[in-house]
Structure formats: structure tokens, C-alpha cells
Amino acid sequence: MKKVTVRVPATSANLGPGFDCLGVALDLYSRVSLERGGATLPDSMVGAAADLFFAEVGLPAFAYRWSIESHIPRSRGLGSSVALRLGILHGLNELADRPLDATQVYLLCARLEGHPDNAAPAAFGGFAAARPDGTYFRSDISPDLHFVFLLPSHEVDTDASRVHLPGHVTHCDAVFNLSHASMITAAFASRRYELLRGSMSDRLHQPYRESAAPHLRPAIAAGLNAGALGGYLSGSGSAVACLTLDDPGAVAAAMQSVLPEARVRILRADNHGVALES
1 MKKVTVRVPA
11 TSANLGPGFD
21 CLGVALDLYS
31 RVSLERGGAT
41 LPDSMVGAAA
51 DLFFAEVGLP
61 AFAYRWSIES
71 HIPRSRGLGS
81 SVALRLGILH
91 GLNELADRPL
101 DATQVYLLCA
111 RLEGHPDNAA
121 PAAFGGFAAA
131 RPDGTYFRSD
141 ISPDLHFVFL
151 LPSHEVDTDA
161 SRVHLPGHVT
171 HCDAVFNLSH
181 ASMITAAFAS
191 RRYELLRGSM
201 SDRLHQPYRE
211 SAAPHLRPAI
221 AAGLNAGALG
231 GYLSGSGSAV
241 ACLTLDDPGA
251 VAAAMQSVLP
261 EARVRILRAD
271 NHGVALES
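The following block contains the structure:
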């Protein structure tokens, strides 16, 4: 194959208490195109993905060109880095006649990311729960469930955001998050989305990221008052998400009233994950 385009969905990770292990894929996409030959655009993220791919498959590196058409906002907590990395990895895999299967490509992406919460749903679609070693569970998400995002104008660097997280937490906070993350997983696995109500609170990362996201609590409270099931900081932010089965427009309007200059997007899940386009 000489040329390929890879479509990768946006993702939203953590879902509140599921820090570094829970995520969903969304119907918002990046398209990454690769073609053999020529000179590639310099990019450290692309270069690292390519280096890992060629080292993993044991093939000589070949020249390629790449481009991206993305509708995923950068550095807002919607998986823009995963979309690029996974698109590059799958594109190179196609150009190299598929030495890796989809799971192996996903594991390379998770290694580059440092955690699988975005990589698993981007690769396989729907809701995903994943361990640090990459072992994952996924399930489809009903189109009845809407994901309403408040998108502030400012970006958040994930690595910089992690600096503010504590190195230790109490048993009480750990149990709190375990119970809530378990209920979220049960809700998605069973499609009993009413179980999300009251289950999306977090004590491990969101309280320490609020200084960079002062709109977080007011936006969630506004969404809940408008009928949302729950809300959370998407990834490391700055986007805030609320989930609802009823009247997503009302939830979006309520959330935007907190930060009028921000954009809102109403999305549904993508249940397919990464896909090749002809």
C-alpha cells in the first residue's frame, strides 16, 4: 500500500473517578493520512510513534509523508494526542503490510501515552475500562446517551497538570473512588445509565486541577440542575462534560451560562473506534 487515511475518534477519559483507566469514544474525528516516500513534517510526537513502530516490528524505517485533518480541539481533554499517535501507528502498519494486529497497535499507543484510558476507546470504540498493562474491557454505548461538552478557549498541558497531583492519597479517598468507578463501569456494561447519577464524583485528581479549571464545579452543578446524570473534567481539561438521556440542549445552555465565552458541543458515542478510509 502506498497511501492510507486513518479515522480516529475523539475520546474523553477518567469520567470523574476512573483516573487513568476509564474512557469513552465520541463521534468527533481526526483523519491522519500517510503516504510512502518524500519528507515527513517534523513533529516529536509523530517521530516517537514512528520510532517505536519500526523498533517493534523490526523493519527498516521507510520514508513517508503525513498530514492531519482534525476536528478534535487540542489540549482540551478530548484525546487529540491519542488521535495523532494512533493514526500514525495504524497508517505505518498499513504501509508496512500489517505486521501488527489491532491489539498490538493499541498497546503501542498506550505505551506512548503512558496510560490506556484514551487509547482503548480510541482503538476499539464505546466505553472502555483498562488496566495499566493495557488489558481492557469494552462495551457499546447507546445513542440515547448524550455527552455535552463545555469547551473553554484555554488549553491545558496534560504533563503540567499532573505535576499538581499528590503522590499519596488516604484509604478513605481510594475507597471512595473505587466504589464510584465500579458503579460507572457497571452502568456502561449493563446500559443502566441511571446508575451514573451520583457516581461521577472524584477525590483523586479533580480537586487538584480546579485551580486551572475554576469553571468545573459550577458547570457540573448547572448541568445537574438541568437534568444531567453526572459531570466531570474531561481528561486533564479544560473541557467539562455532562451526560444526559434527556434534553441535551437544556444541559448545554445551562453549562454555557457559567462560561458564556466557551463553546458547547453535544456528542454521542462512537462504537467503532479507529477505522481505515478508502
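Just so you know, my numbering puts 91 at position 91 of the sequence shown, and the rest follows in order with no gaps.
We put the CB at the ideal spot given by N, CA and C, even for glycine.
The structure displayed is predicted, hence computed values, not measured ones.
Residue 7 beta carbon less than 8 Å from that of residue 210: no
First through last residue of the alpha helix (DSSP H) which encompasses residue 184: Segment 171–190, the alpha helix (DSSP H) holding residue 184.
At least three beta-carbon pairs within less than 8 Å, the region 192–199 to the region 26–40: no
Cβ pair residue 270, residue 25 closer than 8 Å: yes
Closest Cα partner of residue 51 within the set 89, 41, 76: Measuring from the Cα of residue 51, the nearest candidate turns out to be 89.
Per DSSP, cross-strand counterpart(s) of residue 55: BP columns for residue 55 are empty, so no partner.
Run of the alpha helix (DSSP H) containing residue 207, from where it starts to where it stops: 206–209
8 Å Cβ cutoff met for residue 115 and residue 173: no
Extent of the continuous alpha helix (DSSP H) to which residue 250 belongs: 248–258
Counted within 10 angstroms of its Cβ, other Cβ atoms place residue 113 as buried (16 or more) or exposed: Around the beta carbon of residue 113, 16 or more other beta carbons lie within 10 angstroms, which makes this residue buried.
Option nearest residue 164 by Cα separation, candidates 147, 205, 28: 205
Integer Cβ distance of residue 242 from residue 220, believed to fall under 8 Å: 7 Å
Assigned exposure category for residue 14 - 16 Cβ within 10 Å defines buried: Looking at its Cβ environment, which holds 16 or more other Cβ atoms inside 10 Å, residue 14 is buried.
DSSP beta-bridge partners of residue 4: Residue pairing by DSSP places residue 4 opposite 34 in a beta bridge.
Neighbourhood of residue 167 by C-beta distance below 8 Å, restricted to the same chain and skipping five residues each side: none
Spatial distance of residue 91 from residue 42 (CA atoms): 17 Å
Beta-ladder partner(s) of residue 9, from DSSP: Beta-bridge partners assigned by DSSP to residue 9: 29.
Three or more C-beta pairs below 8 Å linking the region 52–62 and the region 96–112: Contact between the region 52–62 and the region 96–112 is present, because at least three Cβ pairs lie under 8 Å.
Coarse secondary structure for residue 44, derived from DSSP in three states: helix
Residue 103: first and last residue of the uninterrupted alpha helix (DSSP H) it sits in: 102–113
Residue 16 vs residue 200 beta-carbon contact at 8 Å: yes
Residue 148 (DSSP reduced to helix, strand or coil): Strand.
Supposed close pair residue 109, residue 128 - CB separation, criterion 8 Å: Contact flag wrong, Cβ pair sits at about 13 Å.
Among 135, 143, 66, 44, nearest to residue 2 - alpha-carbon criterion: With distances taken between Cα atoms, residue 2 lies closest to 66.
The region 217–237 touching the region 132–142, judged by at least three CB pairs closer than 8 Å: no
Nonlocal neighbours in the same chain, by C-beta distance under 6 Å from residue 136, ignoring five residues either side: 120, 128, 130
Given residue 217 as reference, the closest of 247, 259, 245 once Cα atoms are compared: 259
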